[in-house]
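Colleague:
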Amino acid sequence: MNEYAQVLENIDLKNKNTYHIGGKAKYYLTPYKDKIIPLLTLLEKENIPWYILGKGSNVILPDCDFDGAILSLDNYQSIYIQDDLCYVEAGCSLNSLVTKTLDAGYINLYFLKNIPGTLGAAIQGNVGSDNHEIFEYVKNVTIIDENKQIKTLTRADIVASYRFTEFKQRKIIILKACLELKLGDVLEAKKKIISNLDRRRKTQPLDTRNAGSVFANPPTDSAGRLIEEAGLKGRKEGGAEISTKHANFIINKENATSKDIKKLISIIKKEIKEKYDITLELEQVIVDW
Ligand SMILES: Cc1cc2nc3c(=O)[nH]c(=O)nc-3n(C[C@H](O)[C@H](O)[C@H](O)COP(=O)(O)OP(=O)(O)OC[C@H]3O[C@@H](n4cnc5c(N)ncnc54)[C@H](O)[C@@H]3O)c2cc1C
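Going by the numbering used here, the letters in the sequence shown line up with residues 2 to 290, in that order.
#1: Please specify which runs of the alpha helix (DSSP H), each continuous and at least 4 residues long, are wholly inside the segment 139–221, giving them in chain order.
#2: Roughly how many whole angstroms lie between the Cα atoms of residue 263 and residue 151?
#3: Verify the CB distance criterion: does residue 192 have a CB-CB separation below 8 Å to chain D?
#4: Please work out which residues of its chain come closer than 7 Å, Cβ to Cβ, to residue 89, disregarding the five sequence neighbours upstream and downstream, and give them in chain order.
#5: Which parts of the segment 25–95 are runs of the alpha helix (DSSP H), unbroken and 4 residues or longer, counting only runs that do not cross its ends?
#6: Compute the distance between the beta-carbons of residue 94 and residue 197, then report whether it is under 8 Å.
#7: Assuming residue 290 contacts residue 52 (C-beta within less than 8 Å), just tell me the rounded distance between them.
#8: Please tell me whether residue 231 and residue 272 are closer than 8 Å, where the distance is taken between their beta carbons.
#9: Would the C-beta of residue 117 count as close to ligand 1, meaning under 7 Å from any of its heavy atoms?
#10: Using the three-state DSSP reduction, which class does residue 231 fall into: helix, strand or coil?
#11: Nearest by alpha-carbon distance to residue 62: which of 245, 274, 211 is it?
#12: Taking C-beta to C-beta, are residue 154 and residue 145 nearer than 8 Å?
#13: Beta strand (DSSP E) containing residue 252: first to last residue?
#14: How far does the beta strand (DSSP E) with residue 257 in it reach, from first residue to last?
#15: Given the structure, does residue 173 come close to ligand 1, in the sense that its CB is under 7 Å from one of the ligand's heavy atoms?
#16: Near residue 285, which residues of its chain fall below 6 Å by C-beta distance, leaving aside the five closest residues on each side in sequence?
#17: Give me the Cβ distance between residue 32 and residue 40, rounded to the nearest whole Å; I'm assuming they're in contact under 8 Å.
#18: Identify the residues that DSSP records as bridge partners of residue 129: which are they?
#19: Less than 8 Å between the C-beta atoms of residue 228 and residue 111, yes or no?
#20: To the nearest angstrom, report how far apart residue 235 and residue 245 are at their CA atoms.
#21: If you compare alpha carbons, which of 203, 148, 156 is closest to residue 174?
#22: Return the CA-CA distance between residue 117 and residue 70, expressed in angstroms with no decimal places.
#23: How about residue 128: is its Cβ closer than 7 Å to a heavy atom in ligand 1?
#24: The beta strand (DSSP E) with residue 9 in it runs from where to where?
#25: Let me confirm a value: residue 132 is counted as buried when at least 16 other C-beta atoms fall within 10 Å, else exposed. Which label applies?
#26: Am I right that residue 104 and residue 182 are in contact with their C-beta atoms under 8 Å? What's the rounded C-beta distance?
#27: Between the Cα of residue 252 and the Cα atoms of 207, 267, 142, which residue gives the shortest distance?
#28: Is the beta carbon of residue 19 sitting closer than 8 Å to the one on residue 57?
#29: Please name the residue, chosen from 11, 240, 35, 12, that lies closest to residue 4 on a Cα-to-Cα basis.
#30: Following the continuous beta strand (DSSP E) through residue 284, name the residue where it begins and the one where it ends.
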């Protein structure tokens, strides 16, 4: 394995996700450039299951240990800008992507600033804010597919909608994407970033252990508003709590487990269905192994 990746063993996953929950992983692998496919072949041959993780800011990891390998794309972080296009690798943070594109005079990715994740996961979940989503600007995405083949898919080939893409349902690895860029008033874009951050600080529990919005907003409504109106703010289960600051956030208040968080999720879903006949869809990813 050592020739294909940096190998760490018996790694506590609590330090690898923003909820700070989960057990240990037998292996934590950071593949070297161009070595992912031979690594996947080896893992398959040795019957070692794998799971790819970015910054862990959108996952609910299970409490049990993982007798498998976590893959990290930390060696895949390059960004290259040419002719109003940005070629960015999956391990790149969204913050670096926005900083670099703004430095080059391009403003349209401003809404990704302060989303604490990687490009790969952003593509997988079609992340967004401020009434924009990343797929507005995706030209193509390069993946390693289920047969370990590298494929470049154009925007039209990819099923994507609000906070959803087909990649959420496939065992693939996103390697990189090509994004369309638009020139504009950089100072204005920076002002919008500052005012968005200000709004987040006022309305979201940013100083707690959480993984962003739990549910996607239902059409024409806000999940947070419904949960608050249903009187669920502050509801606790074990060490987890529905944030008193923003009802669509669950926080790890004190040694919460995955079980605590999932219990709160099912309470919310049940209450909202009963009260408003609305089925809330999860934005966060429940991981099972
Ligand atoms: C305070 C806070 C604010 C947030 N604000 C927003 C927001 O405004 N808008 C928004 O949309 N989200 C928001 N999020 C959620 C989260 O930051 C985004 O979903 C982010 O894109 C997740 O990136 P990550 O690298 O942490 O992904 P992870 O949590 O590590 O992974 C998420 C999923 O992506 C998969 N994945 C990761 N990398 C790859 C890859 N290379 N190929 C294939 N699959 C991959 C994982 O397997 C997992 O299923 C917020 C989160 C927090 C904590």
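Glycine included, C-beta positions come from ideal geometry on N, C-alpha and C.
Modeller: Let me spell this out:
#1: List check, alpha helix (DSSP H) in window: 187–204.
#2: Taken atom to atom, the span from the alpha-carbon of residue 263 to that of residue 151 is near 35 Å.
#3: Structure shown: chain D not included; a single protein chain is present.
#4: These residues qualify, in order along the chain: 80, 98, 120, 177, 178, 180.
#5: Fully enclosed alpha helix (DSSP H) runs of 4 or longer: 37–46.
#6: Going by C-beta atoms, residue 94 is not nearer than 8 Å to residue 197.
#7: Rounded to the nearest angstrom, the Cβ distance from residue 290 to residue 52 is 7 Å, consistent with a contact under 8 Å.
#8: Cβ distance < 8 Å, so residue 231 and residue 272 count as in contact.
#9: Distances taken from the Cβ of residue 117 to the heavy atoms of ligand 1 include one shorter than 7 Å.
#10: Three-state result, residue 231: coil.
#11: When each option's Cα is compared against that of residue 62, the closest is 211.
#12: Cβ distance not < 8 Å, so residue 154 and residue 145 don't count as in contact.
#13: Counting along the chain, the beta strand (DSSP E) containing residue 252 begins and ends at 251–253.
#14: Taken as a continuous stretch (DSSP letters only), residue 257 belongs to no beta strand (DSSP E), as it is neither H nor E.
#15: Within the cutoff, so yes.
#16: Once the five neighbours on either side are set aside, the close Cβ partners of residue 285 are 59, 61, 212, 215.
#17: Rounded, the Cβ-Cβ distance is 5 Å, consistent with contact.
#18: According to DSSP, which records beta bridges pairwise, residue 129 is partnered with 134.
#19: The Cβ-Cβ distance between residue 228 and residue 111 does not fall below 8 Å.
#20: Between residue 235 and residue 245, the C-alpha separation is close to 5 Å.
#21: Looking at the Cα atoms, 148 is the closest of the given residues.
#22: Approximately 23 Å between the Cα atoms of the pair.
#23: Answer for residue 128: yes, Cβ within range of ligand 1.
#24: Unbroken beta strand (DSSP E) run through residue 9: 6–13.
#25: Counting every other CB atom within 10 Å of its CB across the protein chains shown gives residue 132 a total below 16, marking it as exposed.
#26: Between the beta-carbon of residue 104 and that of residue 182 there is about 12 Å, and that puts the pair past the 8 Å contact cut.
#27: Of 207, 267, 142, the residue nearest in Cα terms is 207.
#28: In contact: residue 19 and residue 57 (Cβ atoms closer than 8 Å).
#29: For the options 11, 240, 35, 12, the alpha carbon positioned closest to that of residue 4 is the one of 35.
#30: First-last for residue 284: undefined, no H or E at that position.
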